Amino acid sequence: MQAVSLLPSIVPGDLPGGFPTSVPEEMRIKRDCKKMEQEIHTSFIFSAINILAAEPWPENAALYQQLKEEQILLSDNASSLAVQAFLQMCNLPVRVICRANAEYMSPSGKVPFIHVGNQVVSELGPIVQFVKAKGHSLSDGLDEVQKAEMKAYMELVNNMLLTAELYLQWCDDVTVEEITYPRYGSPYPWPLNRILSYQKQWEVRRKMKAIGWAGKTLEQVLEDVDQCCHALSQRLGTQPYFFNKQPTELDALVFGHLFTILTTQLITDELSEKVKNYSNLTAFCRRIEQQYFEGHEKDSSTTAAHSSKRSLLR
Numbered sequence: 017m018q019a020v021s022l023l024p025s026i027v028p029g030d031l032p033g034g035f036p037t038s039v040p041e042e043m044r045i046k047r048d049c050k051k052m053e054q055e056i057h058t059s060f061i062f063s064a065i066n067i068l069a070a071e072p073w074p075e076n077a078a079l080y081q082q083l084k085e086e087q088i089l090l091s092d093n094a095s096s097l098a099v100q101a102f103l104q105m106c107n108l109p110v111r112v113i114c115r116a117n118a119e120y121m122s123p124s125g126k127v128p129f130i131h132v133g134n135q136v137v138s139e140l141g142p143i144v145q146f147v148k149a150k151g152h153s154l155s156d157g158l159d160e161v162q163k164a165e166m167k168a169y170m171e172l173v174n175n176m177l178l179t180a181e182l183y184l185q186w187c188d189d190v191t192v193e194e195i196t197y198p199r200y201g202s203p204y205p206w207p208l209n210r211i212l213s214y215q216k217q218w219e220v221r222r223k224m225k226a227i228g229w230a231g232k233t234l235e236q237v238l239e240d241v242d243q244c245c246h247a248l249s250q251r252l253g254t255q256p257y258f259f260n261k262q263p264t265e266l267d268a269l270v271f272g273h274l275f276t277i278l279t280t281q282l283i284t285d286e287l288s289e290k291v292k293n294y295s296n297l298t299a300f301c302r303r304i305e306q307q308y309f310e311g312h313e314k315d316s317s318t319t320a321a322h323s324s325k326r327s328l329l330r
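Using the working numbering, the letters of the sequence shown correspond one by one to residues 17 to 330.
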């Protein structure tokens, strides 16, 4: 009787590199299936969020940030003010609530975040999408080219202004010692205040290294800010807003950062002077302050611009 082998017959070419040719194909199929499963899961989550977001905007919506007077730093204050300006432009009321642990309450670990109904959403981009799902959008009137241009300028602001603010706070030694450490750790006792500050500084400096900013000097960072302001000034021109007569989320974002830079007292005025060199940008900030914040002091949703150390209004 002929012996029957229990081993599969091996055809030449089946073992490139020591593995059957069917294994990579099987791995590819499994990978594609897993990717499809993740996409379906993500789509389901966004659909659920959109369904929940479609509920009317409640009167008790709240925005959370760090303590205003003694804790919040330049970058977080700018981001918070940008969100408040955006909601004001959408005519959506929100109460500003200051908490020492706001950063740790946020689902993304970043401020500000809003609490609307049963939803908690952090940072301007996701908040814009959340608000859009509720039927409020500032950029629906733009065509596709304009929307792409708006997103490009928003990326510019985040990549230049926000990064410069973080650099100044955590990489400029004088600012770190005299402003950042005392403010960031102010709600906590020693040594926790220093431990949390060192931890945050390590995170930011690691990011700066990853994006190639770690080796920059303060003068180079200020030059980047100037270039960003020049580009924004050129785009704004003599228009009241970046896209003609109606504000968009770009206007809210730019206002949040420029207004905060102009009204925050730092070690020197070098940063604010870069913005002041462009008269149309300072006029832009005054215009938004007047239209969306001035005269609303009794409204808790508009206190941010007027709780700054000084107003732009003269």
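We put the CB at the ideal spot given by N, CA and C, even for glycine. Fair warning: this is a prediction, and the values are worked out from it, not measured in the lab.
Helix, strand or coil for residue i? Go by DSSP, reduced to three states.
{"i": "Asn209", "result": "helix"}
{"i": "Tyr204", "result": "coil"}
{"i": "Tyr183", "result": "helix"}
{"i": "Tyr294", "result": "coil"}
{"i": "Asn134", "result": "coil"}
{"i": "Asn174", "result": "helix"}
{"i": "Ala247", "result": "helix"}
{"i": "Ile61", "result": "Note on Ile61: pLDDT 46, under 50, position unreliable in the model; the coordinate value appears next. Note: Ile61 maps to helix in three-state DSSP."}
{"i": "Ser317", "result": "Residue placement at Ser317 is poorly supported in this model, since its pLDDT is 41, which falls under 50; the coordinates still yield a value, given next. In this structure, Ser317 counts as helix in the three-state DSSP scheme."}
{"i": "Ala268", "result": "helix"}
{"i": "Leu234", "result": "helix"}
{"i": "Asn260", "result": "strand"}
{"i": "Gln81", "result": "strand"}
{"i": "Lys148", "result": "helix"}
{"i": "Gln87", "result": "coil"}
{"i": "Glu310", "result": "coil"}
{"i": "Thr196", "result": "helix"}
{"i": "Gly253", "result": "coil"}
{"i": "Asp159", "result": "coil"}
{"i": "Trp218", "result": "helix"}
{"i": "Ile143", "result": "helix"}
Note down the Cα distance separating residue i from residue j, rounded to an integer number of angstroms.
{"i": "Gly151", "j": "Cys106", "result": "10 Å"}
{"i": "Asn76", "j": "Leu158", "result": "31 Å"}
{"i": "Ala101", "j": "Val161", "result": "24 Å"}
{"i": "Leu184", "j": "Trp218", "result": "14 Å"}
{"i": "Ile88", "j": "Tyr200", "result": "7 Å"}
{"i": "Asp267", "j": "Glu139", "result": "16 Å"}
{"i": "Leu278", "j": "Leu97", "result": "13 Å"}
{"i": "Glu310", "j": "Cys301", "result": "12 Å"}
{"i": "Tyr308", "j": "Thr284", "result": "29 Å"}
{"i": "Tyr2", "j": "Met166", "result": "A question about residue 2 goes unanswered here, because the residues of the chain that appear run from 17 up to 330."}
{"i": "Pro207", "j": "Lys216", "result": "14 Å"}
{"i": "Glu235", "j": "Tyr169", "result": "23 Å"}
{"i": "Ala230", "j": "Leu238", "result": "14 Å"}
{"i": "Ala149", "j": "Pro205", "result": "42 Å"}
{"i": "Lys126", "j": "Cys245", "result": "25 Å"}
{"i": "Asn260", "j": "Thr254", "result": "9 Å"}
{"i": "Tyr197", "j": "Leu178", "result": "19 Å"}
{"i": "Thr280", "j": "Thr298", "result": "14 Å"}
{"i": "Asn174", "j": "Ser95", "result": "10 Å"}
{"i": "Lys223", "j": "Ser124", "result": "16 Å"}
{"i": "Trp73", "j": "Lys232", "result": "44 Å"}
{"i": "Ala226", "j": "Leu212", "result": "21 Å"}
{"i": "His273", "j": "Val99", "result": "11 Å"}
{"i": "Asp242", "j": "Lys290", "result": "6 Å"}
{"i": "Leu282", "j": "Leu90", "result": "9 Å"}
{"i": "Leu11", "j": "Asn209", "result": "Coverage of the chain is limited to positions 17 through 330, which leaves residue 11 absent and any answer about it impossible."}
{"i": "Glu108", "j": "Phe275", "result": "The sequence shown places Leu at residue 108, not Glu. Cα to Cα, the separation comes out at about 21 Å."}
Looking only at its own chain, which residues have a Cβ that is under 7 Å from the Cβ of residue i, when we skip the five neighbours before and after it?
{"i": "Glu71", "result": "Gly133"}
{"i": "Asp240", "result": "Met176 and Ala180"}
{"i": "Glu86", "result": "Arg199 and Ser202"}
{"i": "Tyr220", "result": "Reading off the sequence, residue 220 comes out as Val, not Tyr. Excluding sequence neighbours, Val220 sits near Leu182 and Trp186."}
{"i": "Asp188", "result": "Leu234"}
{"i": "Phe60", "result": "Residue placement at Phe60 cannot be trusted, given a pLDDT of 49 that sits under 50; what the coordinates show is reported in the next sentence. Answer for Phe60: no residue qualifies."}
{"i": "Pro263", "result": "Met105, Leu154 and Tyr257"}
{"i": "Asp288", "result": "The amino acid at residue 288 is misidentified as Asp; the sequence shows Ser. Excluding sequence neighbours, Ser288 sits near Ile277 and Leu278."}
{"i": "Ser122", "result": "Phe129 and Ser138"}
{"i": "Asp92", "result": "Gln81, Gln82 and Val127"}
{"i": "Leu172", "result": "Cys244 and Ala247"}
{"i": "Glu286", "result": "Leu238"}
Ignore the nearest five residues each way along the sequence and tell me which others in residue i's own chain have a CB closer than 6 Å to its CB.
{"i": "Leu103", "result": "Val110"}
{"i": "Ile304", "result": "Phe271"}
{"i": "Val137", "result": "Ile130, Ile143 and Phe146"}
{"i": "Ala78", "result": "Arg111, Ile113 and His131"}
{"i": "Glu119", "result": "Val127"}
{"i": "Glu265", "result": "Phe102, Val144 and Leu154"}
What residues in its chain sit with their C-beta under 8 Å from that of residue i, if we drop five residues either side in the sequence?
{"i": "Lys163", "result": "Ser155"}
When the Cβ atoms of the segment 287 to 300 are set against those of the segment 243 to 252, are three or more pairs found closer than 8 Å? Cβ pair count under 8 Å is three or more, so yes.
Any contact between the segment 113 to 125 and the segment 72 to 90? By contact I mean 3 or more CB pairs, one from each, below 8 Å. Touching, yes, given that three or more Cβ pairs across the two stretches are closer than 8 Å.
Minimum length 4: unbroken alpha helix (DSSP H) runs contained in the segment 101 to 131: Runs of the alpha helix (DSSP H) spanning 4 or more residues and lying entirely within the segment 101 to 131 occur at 118 to 121, in chain order.
Meets three-Cβ-pair contact criterion under 8 Å: the segment 188 to 201 and the segment 136 to 147: Look at the beta carbons and you see the segment 188 to 201 not touching the segment 136 to 147: under three pairs across the two are nearer than 8 Å.
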